[in-house]
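First comes the structure, then the notes that go with it.
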Amino acid sequence: MSEIPTKSQIEELFGRYVDTIFPSLEKAVELLSSGKPLTFYLGIDPTGPDIHLGHTTNLLVLKKLIKLGHKVILLMGDFTAQTGDPTGKDSTRKVLDNEQVLKNMETYLDQVNKILEKDSYVVRHNSEWLAGLTFAEIRKLARHITVQQTITRDMFQKRLAEGKAITLEEFLYPLMQGYDSVAMAVDGEIGGTDQTFNMMMGRDLVGAILGKEKIVITTRLLEDPETKKKIMNKSEGSYVSLNDSANEMFGKAMALSDSAILPILTYCTEVSLEKVNDLAERLKNGENPKVLKEEMAKELVKMYYGPEPAEAAVENFTKVFSKGGLPDDILELANCAGQSIVDLIFNNKLALSRSEAKRLIEQGGVKIDEQTVSDWDQTVKVGEVIKIGARRFVKVVS
RNA sequence: GGGCGGUUCGUAUAGCGGCAAUUACUCGUGGCUGUAGACCACGCGGCCUUUGGCCUUCGGGGGUUCGAGUCCCUCACCGCCCA
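Take the first sequence: its position 232, counting from 1, is numbered 232 in the UniProt record's numbering, and each next residue is one higher.
Listed below in structure tokens is the structure:
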């Protein structure tokens with residue numbers, strides 16, 4: 001399918017997106033440039049509906065590997081998702097039902113296909129082999145792994161220290177994930193640095209059972225270089241999903257901290273490193289970070305929606321937020337004329353309760369045609385544009 | 001099997017029997033800005049005719065009390081220690 005890649009192509013790939021390679025960079029380069037197609041996989045647990053920017057680094061590496069002529073498997077952890085990662089006491093019992101997992105897998109693939117060409121990779125599910133293992137087989141596998149090895153893992157250490165439960169099922173999670181590598185007889189695995197432990201488990205098992213060397217490629221996590229916190233944080237609500245509309249994506253990217261500009265461009269896009277360095281230089285020279293962030297956000301939208309929507313998103317954003325104007329696409333509400341503003345907000349689920357709607361009004365967060373609403377009994381009329389908070393707009397139509 | 005401790009708002013925490021109930025983070029609104037972030041202010045169970053009133057909450061169920069997250073009993077779940 002393609003030429004034998006040069007070492008420099010491989011090194012470029014590794015330099016940008018990749019953190020550490022096991023057993024070593026040299027070995028990986030040697031194997032990857034040998035001309036023999038290798039099989040790599042990325043495991044995804046379909047526990048939620050969205051893929052966010054933090055996941056895309058892995059996909060970009062896969063894209064490159066495909067281009068270099070290697071085979072890629074996208075592994076849906078439909079079986080492992082049912083063990084999950086319980087953090088709190090209540091979630092221990094929360095098992096995702098099969099239907100939810102299937103639904104998540106579907107939306108995942110839709111999103112993956114925004115980066116990888118649809119037929120350029122293979123999808124597999126780990127229930128294929130995990131669901132049918134017998135206890136005898138599990139026993140045999142478990143022989144290769146020690147308790148000491150497993151217990152050193154951060155998550156377990158933390159929970160031990162906090163006196164929280166660790167079920168045997170969870171303890172087996174690394175074993176399950178490790179077995180995936182054996183079952184598919186892969187040559188390598190890709191994952192974030194937080195997955196190092198599980199991926200190494202697979203490397204050990206492949207070595208012990210299949211007698212071959214599995215390459216483990218850990219990719220850089222999208223972290224704020226200043227705070228060292230994840231930039232995409234699902235639990236904190238603010239993350240850029242690949243399912244976001246162009247305007248949403250742009251807006252969310254703009255709402256990120258300035259320090260996210262360079263990491264996102266570097267790890268989540270294919271913008272040339274020269275350009276990234278150029279932006280870094282301009283940032284250092286005191287140029288308004290807002291301008292640079294706009295460029296970053298535009299690159300993102302361009303990547304997923306193309307150049308014109310990207311341009312439109314910039315314009316829309318400037319109009320709405322920089323100049324306080326109205327967006328292009330306003331949600332229109334029919335049959336609402338004559339209702340009080342509180343009813344309108346509550347009935348259309350723009351607030352969770354009437355009290356919340358009133359609170360918004362009380363605090364000056366609701367405007368009708370640019371006029372701050374002070375009376376919550378005020379009725380709305382056809383043609384009026386209502387602004388709720390900073391970024392939600394609705395228009396009353398007949 | 002035994003002993004001890006725990007279960008309170010999304011998370012983490014306070015709460016000598018009189019509180020819709022502390023604090024922190026998250027979150028929401030406003031201010032300031034460069035859209036933000038940081039910072040400051042306010043808000044964060046529900047409903048209302050809102051200086052106030054009413055309703056429903058602190059794992060489940062019972063009890064004591066004028067009054068119970070708060071005391072007692074019991075059940076469930078969780079943790080630690082001993083066997």
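Heads up, the beta-carbon is just placed ideally off N, CA and C, and yes, glycines get one too. Model, not experiment: these values are computed from the prediction.
Count the other CB atoms, across all protein chains shown, that sit within 10 Å of the CB of residue i; report buried if there are 16 or more and exposed otherwise.
{"i": "residue 469", "result": "Here the chain covers residues 1 to 398 and nothing more, so residue 469 does not appear."}
{"i": "residue 198", "result": "buried"}
{"i": "residue 433", "result": "For residue 433 there is no data in the structure shown, the boundaries of the chain being 1 and 398."}
{"i": "residue 203", "result": "buried"}
{"i": "residue 307", "result": "exposed"}
{"i": "residue 18", "result": "buried"}
{"i": "residue 62", "result": "buried"}
{"i": "residue 135", "result": "exposed"}
{"i": "residue 36", "result": "exposed"}
{"i": "residue 89", "result": "Note that residue 89 has pLDDT 30, beneath the 50 cutoff, so the model's placement of it is unreliable and the number below is only indicative. Exposed: under 16 other Cβ atoms inside 10 Å."}
{"i": "residue 15", "result": "exposed"}
{"i": "residue 310", "result": "buried"}
Can you tell which of the options has its C-alpha closest to the C-alpha of residue i?
{"i": "residue 40", "options": "72, 196 and 347", "result": "72"}
{"i": "residue 212", "options": "223, 188 and 221", "result": "188"}
{"i": "residue 171", "options": "119, 186 and 149", "result": "149"}
{"i": "residue 205", "options": "176, 254 and 276", "result": "176"}
{"i": "residue 343", "options": "378, 57, 275 and 248", "result": "378"}
{"i": "residue 106", "options": "326, 367, 333 and 51", "result": "51"}
{"i": "residue 263", "options": "231, 353 and 144", "result": "231"}
{"i": "residue 144", "options": "207, 278 and 222", "result": "207"}
{"i": "residue 23", "options": "53, 281 and 200", "result": "200"}
{"i": "residue 298", "options": "270, 158 and 284", "result": "270"}
{"i": "residue 67", "options": "54, 316, 32 and 133", "result": "32"}
{"i": "residue 473", "options": "396, 350 and 325", "result": "The displayed coordinates of the chain run from 1 to 398. Any statement about residue 473 would go beyond what the structure contains."}
Looking only at its chain, what residues have a beta carbon closer than 6 Å to the beta carbon of residue i, apart from the 5 residues adjacent to it on each side?
{"i": "residue 398", "result": "382"}
{"i": "residue 209", "result": "182"}
{"i": "residue 364", "result": "372"}
{"i": "residue 331", "result": "394"}
{"i": "residue 320", "result": "327"}
Leaving out the 5 sequence neighbours to the left and right, which residues in its chain are closer than 7 Å to residue i when beta-carbon positions are compared?
{"i": "residue 237", "result": "Any reading at residue 237 needs caution, since the residue's pLDDT is 49, under 50, leaving its predicted position unreliable; the model's value is listed next. Nothing meets the Cβ criterion."}
{"i": "residue 59", "result": "112, 115 and 116"}
{"i": "residue 305", "result": "246"}
{"i": "residue 101", "result": "46, 78 and 81"}
{"i": "residue 153", "result": "197"}
Bridge partners for residue i per DSSP, in chain order?
{"i": "residue 192", "result": "219"}
{"i": "residue 170", "result": "Answer is none; residue 170 lacks a bridge partner."}
{"i": "residue 332", "result": "395"}
{"i": "residue 257", "result": "Its beta-bridge partners do not exist; DSSP assigns none."}
{"i": "residue 241", "result": "52"}
Whose C-beta lies closer than 8 Å to the C-beta of residue i among residues of the same chain, with five residues either side of it excluded?
{"i": "residue 127", "result": "78 and 79"}
{"i": "residue 131", "result": "79"}
{"i": "residue 418", "result": "Here the chain comprises residues numbered 1 to 398, so residue 418 is not present and cannot be evaluated."}
So within the segment 7-83, which uninterrupted alpha helix (DSSP H) runs reach at least 4 residues, ignoring any that extend past its ends?
7-17, 25-32 and 53-67
Runs of beta strand (DSSP E) wholly within the UniProt domain "RNA-binding S4" (340-398) (minimum 3 residues, chain order):
366-368, 385-388 and 392-396
Length-filtered (4 minimum) alpha helix (DSSP H) runs lying within the segment 118-154:
127-130, 135-142 and 147-151
Whole alpha helix (DSSP H) runs in the segment 245-305 with 4 or more residues, listed along the chain?
246-254, 261-268, 273-284 and 289-305
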